[in-house]
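Asks: One structure, pasted below without further comment.
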Amino acid sequence: MEDSKKSIGKGIDRIDGILKITGKATYATDYPAKNMAYAVLFKSTIAAGQIKSINSTEAERYPGILKIITHENAPKLNTKGGLRGGALLQGPEITFHGQHIGIVVAETFEQATAAAHLIKIEYNQKEEKIDFEKLAQTPIMPKGKELADLVRGAGKLAMETAEVKVEELYETPIEHHHPMEPHSTMAVWEGDKLILYNGSQIINGAQTAAAATLNMKPEQVRIISPFIGGGFGSKGGQWANLVLTAVAAKMVGRPVKLALTRQQMFNSVGMRQRNMQKLSIGATKEGKLIALAHETISHTAVDDEYIEPCGDCTKIMYEVPNSLISYRVVPMNLILPTYTRGPGKSTGSFALESAMDELAYKLNMDPIELRIKNEPSKDPSNGKPWSSRTTVKCLKEGAKAFGWEKRKSKPGTNKIGDDLVGYGVACGTYPARQRDSSAIIKLSLRNKLVYATVEIAASDLGTGTNTILAQTAADGLGLPIAQINVKLGDSELPPAAGSVGSVGASSFANAVNDACIKITDELLAKSGKQFFVRPTAAQLMVSESITDFQTRSDSKAPAEAEKYSAHSFNANFAEVRINSITGMIKVTRFLAVTGAGKILNPKTARSQIIGGNVWGIGMALTEESIIDPRYGNFATRSFADYHVPTNLDIGRLDAMFINEKDLIPNKMGVKGIGEVGIVGVAAAVANAVFNATGKRVRSLPITPDKLL
Amino acid sequence: MKPFKFISATNPGEAIDMLSNNAEAAFLGGGTNILDLMKEHVALPNEIIDIGNLKLQEIKATATGFSLGALAKNTETANHSLIRSNLPMLSKAILAGASAQIRNMATNGGNLLQRTRCSYFYDISMPCNKRMPGSGCSALEGFNRMHAIFGWTENCVAVYPSDMAVALSALNATVKVQNNNAERYIPFKDFHLLPGNHPEKDNSLTHSELVTAIEIPKNNFAANSAYVKVRDRSSYAFALVSVAAGLNLKGNVIQFANIAMGGVAHKPWRALKAEQFLKGKPATTANFLKAAEAEMVAAKALSHNKFKIEMGRKTLVNALELALKG
Ligand SMILES: Cc1cc2nc3c(=O)[nH]c(=O)nc-3n(C[C@H](O)[C@H](O)[C@H](O)COP(=O)(O)OP(=O)(O)OC[C@H]3O[C@@H](n4cnc5c(N)ncnc54)[C@H](O)[C@@H]3O)c2cc1C
Ligand code: SF4
């Protein structure tokens, strides 16, 4: 097909945009059901101990109450079924503040909420473990094999031979995902079959976890999730609320809706854990790295382990003969942390890329030059060749576009009135992978027009998956996009990977593309004809007068991909303006330059990148969830306290993509952009703050008080 | 939320009657605060009296100054030409608060009566003397970065959140209040209270009183006033520290200065020591610094808000500088 006719690569508007802005897109709790009942969760107000007694007499008498469910009457569930965070009402044990301890089901949401306040609970309290600062003095080894100490060469010992050193502690706080759509579920039983309407980043994962937890077969459970109001990792693995909705629906014999409140989102669906990262870099006077150590201490739940891999970027970013990556952990009475946008990479890059900036400053070297000087020719962690690596290009093209030469290398010297201006740069990376996914294409010929339906159990977090799959099918079949219907978000459809870890676009688009190739091949074979120019599937349907035809393709990553190290890369440039009196910061300009292979849709891609940038800026400047170590509760529990950045905090955002063709990781050359958009962002901002003020803030967020 | 009855009043007399008849009733202004508190189970009225139909929206000049209707919206007040040209400090203070959407709903009366944003006050699983007298103050030894440095007691260390009120305090406003057929005027300094032994009481209104207007005496601050607010993000955040300052100058000599601070106490904090210092002195940075230092002497920090003393000092000086520049 001629490029100008191609749909892929064009900034096409989202095909579901109109549905969304007119309120017609159906999110989990937008489905109608007859005889609906409403469930509300109630939660523990201690962090550790046991429930001694639950008195719900008064609540039961409240108007409209259908059922009160606690560990005393909940059905037996499989707690190892694959849901995250426990809290399945299986016993009196309490392991964190805000653990679900019961459900009130009523005719209305309001009745359920009011009755929940009438339930009286007594506890036997145990001493809780919540004080991270204290516990971090005596951390333990994590269980995960991938978190074992990774030593290259002489490891950290090589620091001794370095002429110039940076050894600092970088801290990042607990953050919450807070997608616009709080986690909500509607459960409908049809005999021994269950339909769960639920925002799920991994459709098949939600299905198997729900089935296993409920002691059912996967085919008995159907997940429906065509639209999701964001997830950022919190809707990847599923949490107790998914299955508790089904339990409530079963116990009252009616469809049930359960939506978490914003306050409940703080202790129901994971979080990004707090990290203490010790970063040590040793270099020669000329700026060649000799030693690099990244030692992280973080926390996990008392009964389960999740640790974000903060050392991941450090493993591969720079050429260095001696290195150490290590993790230590403290189990705490808090909900299990979980994958959060750019898990490990966004937080880890804050430490690594701040430290690189500190080193550049000590060396009196431009931070871009320092990075280029230590560019690795192959993946230092495993010796594999890069499928492609765009770090240097991102840095160079970004510097030009951003006007990096205007940066004053001496901090605190760029002043406009009362404001200090600073520039910062930081790099990032995220793996590019394709995961097993299947797709069915159904073609039909009606009134001389060919229509296609694409079916795949993919999910669209709101990022534009629907749209890029329609574009892929349009090009693959030779059809205009308006004749493509994309069906996703349903576990009855062919199984697919999840919208997690930046595997969505590559896995789904390749599956659809493979199905397009396959259906064209099959139509060609069916025609029995030879063509000089390969016709499209659409042309064959017409020429052969075939009214209906379909095929399925099961796609995998190319076998060759394993031999290479494939990643997206970026360089982030920040300009900040800081009021020198009040310490208030504005990011006046931000540019992210990304090398992520084939960009399927520059418009949705840009949205993804600047969305990641905004969160990264939030991470740098405003976002922090604070625990009161006396109780284990979050003291910041609404959007009045948990500050996401506002429009006024951020000026101009620009996203540039490096034009690259890398067909090693997958046939379409798609590397993924969801995660990488936040990686390196916080460091770029923090480095700009240093350049503006001469103050190095190593503990996020950089609030005005830290700049006084 | 606890179920409640919703009724509407057509005139102030009726509204006051409705309220005095029920100790558990509450007025509804714009609802941006009371509804949040009800959803969080902090406010538990069994009856909500809508006062939106009362004719208390007028913003006007009077013989002695200006009058702001209690039910005029924050947005209209801030953007009203009378206010912008005569009381720019007030306009700026209102616009520094909340978000455009909230200001469109918020009423002047409701703004004065909004309750603290102390997060323990909002979390009903936590002890809080203001919400439940006698239960203790969680913030005293807890997370108190946002809390008071002036006038707190061990019973409560919360701050009062309104920006508008900080300017009103500096402007010597009076709150016009009506109860069963009598009217009274409460000077601003007596309207909000320090926590003392009764943090549950934010202000000196009694249950059956309706705020009808806010009156502001004429002043000469328009040319030399400022409102500076320091916060964790540029919009939609409460003040870490804020300062409203107005200078009355003759040449370069300060005849008198009116200064109030926000984010530092259980009420708008009139910086009387700074005002006293500046009276009759030349308007110089050196004097501003000394005035700020004089004010901050009495500040007493909690475990997480030591920065507010330095930030308060700097912001005070900054506000005076900006007021001087005009
Ligand atoms: C996220 C968020 C951020 C915010 N940030 C800021 C900020 O930075 N600065 C700031 O100043 N404010 C801020 N606000 C608060 C906002 O200004 C107040 O919520 C608003 O001013 C309250 O006005 P209202 O009319 O909606 O009050 P309502 O909620 O209607 O009423 C508040 C109280 O006043 C009583 N009441 C109302 N009118 C009268 C009357 N005429 N007479 C007697 N009693 C009355 C009600 O019974 C109720 O108890 C913020 C609010 C939110 C939610
Ligand atoms: S500071 Fe006041 S409002 Fe906050 S917990 Fe203490 S008593 Fe309650």
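Keeping their order, the protein sequence lines are chains A and B.
Sequential numbering of the first sequence, starting at 31, is according to this note's numbering.
Sequential numbering of the second sequence, starting at 305, is according to this note's numbering.
Note that the Cβ used here is the ideal one computed from N, Cα and C, for glycine as well.
Cα separation between I232 (chain A) and G528 (chain A)?
Replies: 4 Å
Asks: Mapping the DSSP letters down to three states, classify F603 (chain A) as helix, strand or coil.
Replies: strand
Asks: Considering only the beta carbon of each residue, do I498 (chain A) and A539 (chain A) sit closer than 8 Å?
Replies: In contact: I498 (chain A) and A539 (chain A) (Cβ atoms closer than 8 Å).
Asks: Output needed for P521 (chain B): all residues of its chain with C-beta closer than 7 Å, excluding positions within five of it in sequence on either side, in chain order.
Replies: Counting only Cβ-Cβ distances below 7 Å, and skipping sequence neighbours, we find T368, G369, N476.
Asks: Work out the CA separation of T75 (chain A) and G128 (chain A) for me, nearest whole Å.
Replies: Distance between the alpha carbons of G128 (chain A) and T75 (chain A): 6 Å.
Asks: Provide the residue span of the beta strand (DSSP E) that contains D578 (chain A), from first to last.
Replies: 578-585
Asks: Is there contact here, the segment 681-700 of chain A with the segment 400-410 of chain B, by at least three beta-carbon pairs under 8 Å?
Replies: Because the criterion of three Cβ pairs below 8 Å is not met, the segment 681-700 of chain A and the segment 400-410 of chain B do not touch.
Asks: Contact check, P212 (chain A) vs M295 (chain A) under 8 Å by CB: the rounded distance?
Replies: By a beta-carbon distance limit of 8 Å, P212 (chain A) contacts M295 (chain A). Their separation comes to about 5 Å.
Asks: For A603 (chain B) and V346 (chain B), I'd like the C-alpha separation in whole angstroms.
Replies: 30 Å
Asks: Can you tell me the Cα-Cα spacing of Y594 (chain A) and D584 (chain A), whole angstroms?
Replies: 23 Å
Asks: I want to know whether the segment 482-501 of chain B touches the segment 314-332 of chain B - three or more CB-CB distances under 8 Å.
Replies: yes
Asks: Return the first residue and the last residue of the beta strand (DSSP E) that L107 (chain A) is part of.
Replies: Where L107 (chain A) is concerned, there is no enclosing beta strand (DSSP E), given that its DSSP letter is neither H nor E.
Asks: Find out if the Cβ-Cβ distance for the pair L375 (chain B), I398 (chain B) is shorter than 8 Å.
Replies: no
Asks: At what residues does the beta strand (DSSP E) containing Y489 (chain B) begin and finish?
Replies: 486-491
Asks: Report the residues of the segment 540-558 of chain B with a CB closer than 9 Å to any CB of chain A, ordered along the chain.
Replies: Y540, A541, F542, L544, V545
Asks: Along the segment 314-333 of chain A, where does the CB come closer than 9 Å to a CB of chain B? Name the residues.
Replies: none
Asks: With respect to 7 Å, is the separation between the Cβ of C457 (chain A) and the closest non-hydrogen atom of ligand 2 below this value?
Replies: no
Asks: Between K375 (chain A) and C424 (chain A), is the Cβ-Cβ spacing less than 8 Å?
Replies: no
Asks: Between the alpha carbons of C432 (chain B) and G438 (chain B), how many angstroms are there, rounded?
Replies: 8 Å
Asks: Between M430 (chain B) and chain A, is there a C-beta pair that is closer than 8 Å?
Replies: yes
Asks: Going by DSSP in three states, W645 (chain A) sits in which element: helix, strand or coil?
Replies: Look at W645 (chain A) here: in three-state DSSP terms it is helix.
Asks: Between the segment 676-683 of chain A and the segment 307-318 of chain B, are three or more C-beta pairs nearer than 8 Å?
Replies: no
Asks: Please confirm whether I703 (chain A) and T420 (chain A) have their CB atoms less than 8 Å apart.
Replies: no
Asks: For I338 (chain B), which beta-bridge partners are listed by DSSP?
Replies: Note: I338 (chain B) sits in no beta bridge, so no partner.
Asks: Within 10 angstroms of its Cβ, does R682 (chain A) collect 16 or more other Cβ (buried), or is it exposed?
Replies: exposed
Asks: Regarding S537 (chain A) and ligand 1, is the C-beta to nearest heavy atom distance less than 7 Å?
Replies: no
Asks: Count the other C-beta atoms from every protein chain shown that fall within 10 angstroms of the C-beta of H130 (chain A), then say buried if there are 16 or more, exposed otherwise.
Replies: buried
Asks: Would a C-beta distance cut-off of 8 Å place I732 (chain A) and L651 (chain A) closer than the cut-off?
Replies: Yes. Within cutoff.
Asks: Cβ of P465 (chain B) within 7 Å of any heavy atom in ligand 1?
Replies: yes
Asks: Closest to R582 (chain A) by C-alpha separation, out of A:H597, A:A239, A:L473, A:V644, would be which residue?
Replies: A:L473
Asks: Does DSSP classify F262 (chain A) as helix, strand or coil?
Replies: The DSSP-derived three-state label of F262 (chain A) is coil.
Asks: Residues in its own chain within less than 7 Å of D333 (chain A) by CB, not counting five upstream and five downstream?
Replies: Residues G116, T125 of the same chain have their beta carbon placed closer than 7 Å to that of D333 (chain A), with the five preceding and five following residues left out of the count.
Asks: Consider the Cβ of R619 (chain A): report whether some Cβ of chain B lies at a distance smaller than 8 Å.
Replies: Residue-level contact by beta carbon fails for R619 (chain A) and chain B, as no gap is shorter than 8 Å.
Asks: Given a cut-off of 8 Å, decide if A488 (chain A) and A526 (chain A) are closer than it, judged by their beta-carbon atoms.
Replies: For A526 (chain A) and A488 (chain A), yes; Cβs fall inside 8 Å.
Asks: Does the CB of I133 (chain A) have a neighbour CB from chain B at under 8 Å?
Replies: The beta carbon of I133 (chain A) sits no closer than 8 Å to any beta carbon of chain B.
Asks: Let me know the alpha helix (DSSP H) ranges lying completely inside the segment 414-471 of chain B, each 4 residues or longer, listed in chain order.
Replies: 423-426
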